[in-house]
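Structure record follows, encoded as structure tokens.
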Amino acid sequence: MIKLDADDISFPDPMLYNPDHGVIAIGGDLRPERLYFAYQLGIFPWYNEDSDILWWCPDPRFVLFPKEIKVSKSMSKILNRNEFNFTQNHNFEQVIRACQTTYRPDQDGTWLNENLIQSFISLHKAGIAHSYEVWQGGELVGGFYGIKINRVFCGESMFSKVSNASKAGFINFCKTHEEKFDLIDCQVHTEHLESLGAKMISKKEYLTYLYRSTHAE
Numbered sequence: 043m044i045k046l047d048a049d050d051i052s053f054p055d056p057m058l059y060n061p062d063h064g065v066i067a068i069g070g071d072l073r074p075e076r077l078y079f080a081y082q083l084g085i086f087p088w089y090n091e092d093s094d095i096l097w098w099c100p101d102p103r104f105v106l107f108p109k110e111i112k113v114s115k116s117m118s119k120i121l122n123r124n125e126f127n128f129t130q131n132h133n134f135e136q137v138i139r140a141c142q143t144t145y146r147p148d149q150d151g152t153w154l155n156e157n158l159i160q161s162f163i164s165l166h167k168a169g170i171a172h173s174y175e176v177w178q179g180g181e182l183v184g185g186f187y188g189i190k191i192n193r194v195f196c197g198e199s200m201f202s203k204v205s206n207a208s209k210a211g212f213i214n215f216c217k218t219h220e221e222k223f224d225l226i227d228c229q230v231h232t233e234h235l236e237s238l239g240a241k242m243i244s245k246k247e248y249l250t251y252l253y254r255s256t257h258a259e
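Counting in this note's numbering, the sequence shown runs from 43 upward without gaps.
Listed below in structure tokens is the structure:
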């Protein structure tokens, strides 16, 4: 495992370095510049708060192509009833903090510590990180956030305070952004996103999409 220098913003090339466990590097810091550089390379941080920073580029990669989003009959009815309203970038900090505090039965603690939250907020202010909000009766009931790398949206985390809120938001996002994004990076497998059409592709295929997107900027 490659140890990062805290002062030098660099990573091993994930196209060439392919560890079985998917961890590309360890250490470094969470400054906004390093975070953005990592996402441009297809690398993301994921770790326990009491451990060293782990930087991942798994193979295979879990992604969703917006035009392939699956909408069940029950979700179609919910969307047609206009139970939710959707906005973008209206309250990034509230969304990320709701993601931080959301209970996840398969997760011990949270990797979203204050340093990482502040870096994402800085990237949001720079127009790089984006939030998508779901409202019901004037209350924020769901949402997600992520990093935009031209035609790839790197989804980070989502939350839901009422049933189907995050699912409705994600479907609406895909439907309204299918011409804007080639794919959404979901990073690692979840049954929730698989039910919506997310699937595994090879790391090489994912990086090909990402690098093509980056070079098109």
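Glycine is no exception: its CB is placed at the ideal position from the N, C-alpha and C atoms.
All values reported here derive from a predicted model rather than from experimental measurement.
How would you call Arg103, buried or exposed, if buried means at least 16 neighbouring beta carbons within 10 angstroms?
As a first step, residue 103 is located in the sequence shown; it is residue number 61 there, counting from the start. Its Cβ being crowded by 16 or more others within 10 Å, Arg103 is buried.
Examine the Cβ distances between the region 176–187 and the region 69–82 and report whether three or more of them are shorter than 8 Å.
Three or more Cβ pairs closer than 8 Å define a contact, and the region 176–187 falls short of that threshold against the region 69–82.
| contact_flag[the region 198–208, the region 132–143] where n(CB pairs < 8 Å) is 3 or more | The region 198–208 makes contact with the region 132–143, as at least three CB pairs between them are under 8 Å.
- Closer than 7 Å by C-beta to Asn157: which residues in its own chain qualify, once you throw out the five before and the five after it? Chain order, please. Here the question's residue 157 lines up with position 115 in the sequence shown. Within the same chain, Leu72 come within 7 Å of Asn157 by CB-CB distance, once the 5 residues on both sides are set aside.
What three-state label does DSSP hand Phe195 in the structure shown?
Position 153 of the sequence shown, counted from the first residue, corresponds to residue 195. Strand.
Under 8 Å, do Val65 and Tyr248 count as touching if we go by C-beta distance? Start at 1 with the first residue of the sequence shown, and residue 65 comes out as number 23. Start at 1 with the first residue of the sequence shown, and residue 248 comes out as number 206. No; because the gap between Cβ atoms is not below 8 Å, this pair is not in contact.
With burial defined as no fewer than 16 other Cβ atoms inside 10 Å of the residue's Cβ, what is the status of Ser93: buried or exposed? Looking up residue 93 in the sequence shown gives position 51. Taking every protein chain shown into account, the CB of Ser93 has fewer than 16 other CB atoms within 10 angstroms, so this residue is exposed.
* Asked: Can you list, in chain order, the residues of its chain whose CB lies under 8 Å from that of Ser244, leaving out five sequence neighbours each side?
  -> Walking along the sequence shown from the start, residue 244 turns up at place 202. Cβ neighbours of Ser244 beyond the five flanking positions: Asp101, Pro102 and Arg103.
Is Ser118 buried or exposed, if buried means 16 or more other CB atoms sit within 10 Å of its CB?
In the sequence shown, counting from the first residue as 1, residue 118 sits at position 76. The C-beta of Ser118 has fewer than 16 other C-beta atoms within 10 Å across all chains shown, which makes the residue exposed.
Check: By Cβ distance below 7 Å, which residues in the same chain neighbour Val194 in space, the five residues on each side in sequence not counted?
Finding: By one-based count along the sequence shown, residue 194 stands at place 152. Excluding five sequence positions before and after Val194, the CB atoms of its chain that fall closer than 7 Å to its own CB belong to Phe223, Asp224, Leu225, Asp227, Tyr251, Leu252 and Ser255, given in chain order.
Is Ser237 buried or exposed, if buried means 16 or more other CB atoms sit within 10 Å of its CB?
Reading the sequence shown from its first residue, position 195 is the one you call residue 237. Residue environment: Ser237 is assigned as exposed (fewer than 16 neighbouring CB atoms within 10 Å of its CB, all protein chains considered).
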